[in-house]
Amino acid sequence: MDYSTSNDSRDKGESEIKLTLPGMRSKIAIPPPALERLESLVTSPCVSDGTLTSRRLREMIPCTPSPMYAYDFKLGTQVYDPSGRYLPRFFPFHMNQGENGHDLSPDPNQSSPMSLGSSENRNVSNLSSPSEGMAPITTPVAHASDPHITGILAKIKDEAQANGTFDIRTVLQRLNVPPLLEEVVEISKDQIGSRFLQSWMDSDVFSKLDRDEVIKRVIPEAKGLTTDAFGNYVVQKVVEAGSSEQRLSLLKQFRGELYALSIHTYGCRVVQKLIERSTVGEHAIIAQELEGHVIRCVEDQNGNHVIQKLIEKLPSGELSFIVNEFLGHIPVMAVHCYGCRVVQRLLEKLTSNDSSKLIAEILAHLWQLSQDQYGNYVVQHVLVHGTQQNRNIIMQVIASHIVEFSCHKYASNVAEKALLCSIDPTARDLVIAAVIGSGGADSPLHVLMKDRFANYVIQRCIEFSHGSQRDVLVAILRANLPSLKRVIYGKHIANAIEKIITD
837 MDYSTSNDSR
847 DKGESEIKLT
857 LPGMRSKIAI
867 PPPALERLES
877 LVTSPCVSDG
887 TLTSRRLREM
897 IPCTPSPMYA
907 YDFKLGTQVY
917 DPSGRYLPRF
927 FPFHMNQGEN
937 GHDLSPDPNQ
947 SSPMSLGSSE
957 NRNVSNLSSP
967 SEGMAPITTP
977 VAHASDPHIT
987 GILAKIKDEA
997 QANGTFDIRT
1007 VLQRLNVPPL
1017 LEEVVEISKD
1027 QIGSRFLQSW
1037 MDSDVFSKLD
1047 RDEVIKRVIP
1057 EAKGLTTDAF
1067 GNYVVQKVVE
1077 AGSSEQRLSL
1087 LKQFRGELYA
1097 LSIHTYGCRV
1107 VQKLIERSTV
1117 GEHAIIAQEL
1127 EGHVIRCVED
1137 QNGNHVIQKL
1147 IEKLPSGELS
1157 FIVNEFLGHI
1167 PVMAVHCYGC
1177 RVVQRLLEKL
1187 TSNDSSKLIA
1197 EILAHLWQLS
1207 QDQYGNYVVQ
1217 HVLVHGTQQN
1227 RNIIMQVIAS
1237 HIVEFSCHKY
1247 ASNVAEKALL
1257 CSIDPTARDL
1267 VIAAVIGSGG
1277 ADSPLHVLMK
1287 DRFANYVIQR
1297 CIEFSHGSQR
1307 DVLVAILRAN
1317 LPSLKRVIYG
1327 KHIANAIEKI
1337 ITD
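Under my numbering, the first residue of the sequence shown is numbered 837, with each subsequent residue one higher.
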């Protein structure tokens, strides 16, 4: 940056400065008010050149529009605006020269980078870096004249662009159904084409003959479509619309691949739809395919939903293959962010006989699970869905370790749930008696009533206590009312005691 004083200005006694910036073709004149600000900034020892440039020079340099270049590395994904028009991208570098030599050319035949497989034919124009004075080079806008878009798909896109939605009858009048059926696989892989096919299959003009023709063409290509960002929705519609025989044909296509599809972002949706719509015989095929892969599915963010759907749809007696794989792994599965959900679904669905081994393993690791952020929900589910004997065992453990359970962030939830769920007054009284202790100064109650977590357990004890036990509990808390009111976590207990006194 260079400052120069105009001789003419010096003669006239005016302080006009010419400012030269790197890259500028001419000098610009700075008026005196701006000059004072600039000089004060330049002479300030606290301001760097970068701060000067970013904060002040922008105000003095005229705003000149210049091309902006967006670096988009998801080049395989075509992006459309709400009206369905293709959004071009700008590339300030050679199109297929990426970082570290990676090929970044978009594949026009692949609608999503998540799709499996690769296109054999890449026919993408090489875009050179824009030279000085040239307008930015863009990727061509996809419309009816685009050679990569088939005639049928181009007409569908035109309809979506013109109206923002599909009038199925109008589109079908413009199209011949036989050519449409011939291109149904390629249309399924396009965002707008997939939407059109879904709308058509939901409409009242989609005949049984049309259904059979679409399904006949989709099933042989089902693997590729199932893992496609847009094609998977068409396969789901095929599952919904198809007959049992057609679903069996689809399952044959997936033979040996159901586990891989279950952990795939898009494939898991199709597998769940199959489970939802399948018959008992079809469920058996799916279960057989996933047997031996249950734990890996449960630990996967996609696969766990498939296992949960199986638990929801299969009869309790047919879930033994899932239970058997879980046995011996409960300490790990119950504290897993996805595994804990599956264990809870099993406890909800299984009969007491089928769940006995599962619950026995949970009870064997009761304290470990109770203090875990996920495992405590599994223990609470045993309290809700287990037998009274299961609840009594948990209540006895809580009573033996009342301070540890009540003062723990997660285990206190288990203690509170135990008081809520128990229908055995004896077991409930056992926990309340452990809270009161001897009733003297060493009573656990003096510690628990001021604890941030245990105070909720005390509130439940007040709610469910009765007789002489209630009198002792209220008397101790009443004697400590002044100190309870001074502690933020004791105010709820104080309010409950005052309500009892006034009543």
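Every residue, glycine too, gets a C-beta built ideally from N, C-alpha and C. Just so you know, these numbers come straight off a predicted model, no measurement behind them.
DSSP state of residue i, grouped into three classes?
i	result
Val-1168	helix
Phe-1300	helix
Arg-1053	helix
Gln-1044	Note that residue 1044 is Lys in the sequence shown, not Gln. The answer is helix: DSSP assigns Lys-1044 an H, G or I state.
Ile-1099	coil
Cys-1257	helix
Gly-1275	coil
Gly-1128	coil
Val-1323	coil
Val-1291	The question names Val, but residue 1291 in the sequence shown is Asn. Correct three-state label for Asn-1291: helix.
Lys-1073	helix
Gly-1222	coil
Thr-1063	coil
Ser-1192	helix
Pro-1015	helix
Arg-1091	coil
Asp-939	Reliability of the predicted coordinates at Asp-939 is poor, the pLDDT of 42 falling under 50, and the value obtained from them is presented with this limitation in mind. Coil.
Leu-857	Confidence in Leu-857 is poor, its pLDDT being 48 and thus under 50, which makes the residue's placement unreliable; the coordinate value appears in the next sentence. Leu-857: coil per DSSP, three-state reduction.
Tyr-1213	helix
His-1201	coil
Ala-978	Legend: pLDDT at Ala-978 = 40, less than 50; position of this residue unreliable, no value from coordinates given.
Gln-1137	coil
Arg-1031	helix
Lys-1245	coil
His-1328	helix
Lys-991	helix
Hey, residue i and residue j: beta-carbon distance below 8 Å or not?
i	j	result
Pro-1379	Val-1271	With the chain running from 837 to 1339 in the structure shown, residue 1379 is simply not present.
Gln-1034	Ile-1055	no
Ile-1230	Val-1214	no
Lys-1059	Glu-1093	yes
Leu-989	Glu-1022	yes
Thr-1063	Tyr-1102	yes
Leu-1255	Cys-1297	yes
Asp-1260	Gln-1224	yes
Gln-1305	Ala-1332	no
Ile-1320	Ala-1330	According to the sequence as given, residue 1320 is Leu; it is not Ile. Yes; because the gap between Cβ atoms is below 8 Å, this pair is in contact.
Glu-1112	Lys-1149	yes
Val-1171	Leu-1202	no
Val-1074	Asp-1046	no
Val-1323	Lys-1286	yes
Ser-1098	Val-1142	yes
Val-1178	Asn-1212	no
Val-1070	Ser-1030	yes
Lys-1109	Phe-1066	no
Asn-1228	Ala-1200	no
Asn-1138	His-1165	no
His-1237	Asn-1291	no
If you measure from the beta carbon of residue i to each beta carbon in chain B, is any gap under 8 Å?
i	result
Ser-1085	Absent here is chain B; the protein component of the structure consists of one chain.
For the candidate residues the options, whose alpha-carbon lies nearest to that of residue i?
i	options	result
Ser-1192	Gly-1276, Ala-1254, Leu-1202, Asn-1226	Asn-1226
Asp-1190	Gly-1153, Gly-1060, Pro-1261, Arg-1296	Gly-1153
Val-1288	Tyr-1325, Leu-1256, Ala-1247, Ser-1319	It is worth fixing the name first, because residue 1288 is Arg in this sequence and not Val. Among Tyr-1325, Leu-1256, Ala-1247, Ser-1319, the Cα nearest to that of Arg-1288 is on Tyr-1325.
Glu-1184	Leu-1202, Leu-1155, Leu-1205, Pro-1015	Leu-1155
Asn-1068	Val-1007, Cys-1104, Arg-1010	Cys-1104
Asn-1145	Val-1116, Val-1233, Arg-1181	In the sequence as presented, Asn is not what sits at residue 1145; that position holds Lys. The candidate whose alpha carbon is nearest that of Lys-1145 is Arg-1181.
Tyr-1174	Tyr-1210, Leu-1150, Leu-1186, Ile-1198	Tyr-1210
Gln-1207	Ile-1198, Val-1178, Ala-1247, His-1217	Ala-1247
Leu-1011	Asp-1026, Glu-995, Thr-1115	Glu-995
Val-1168	Val-1134, Asn-1138, Ser-1188	Val-1134
Leu-1309	Lys-1286, Gln-997, Gly-1273	Gly-1273
Leu-1284	Val-1050, Ser-1258, Phe-1300, Cys-1243	Cys-1243
Ala-1269	Arg-1091, Ser-1301, Glu-1252, Glu-1057	Ser-1301
Thr-1006	Ile-992, Glu-1018, Gln-1204, Pro-1015	Ile-992
Gly-987	Gln-1204, Trp-1036, Val-1020, Ala-1065	Val-1020
Val-1106	Leu-1086, Pro-1151, Phe-1241	Leu-1086
Gly-1221	Glu-1018, Asn-1138, Thr-1187	According to the sequence as given, residue 1221 is His; it is not Gly. Out of Glu-1018, Asn-1138, Thr-1187, Thr-1187 has the C-alpha closest to the C-alpha of His-1221.
Val-1218	Pro-1318, Cys-1257, Gly-1078	Cys-1257
Asp-1048	Leu-1017, Ile-1028, Gln-1009, Glu-1334	Leu-1017
Asp-1040	Ile-1004, Glu-1057, Asn-1316	Ile-1004
_When you compare the stretch 1120-1129 with the stretch 1063-1083, are there three or more beta-carbon pairs, one atom per stretch, that lie closer than 8 Å?_
Too few Cβ pairs lie closer than 8 Å, so no.
*Do the stretch 1154-1171 and the stretch 1126-1135 touch if we need at least three Cβ pairs shorter than 8 Å?*
A contact exists between the stretch 1154-1171 and the stretch 1126-1135.
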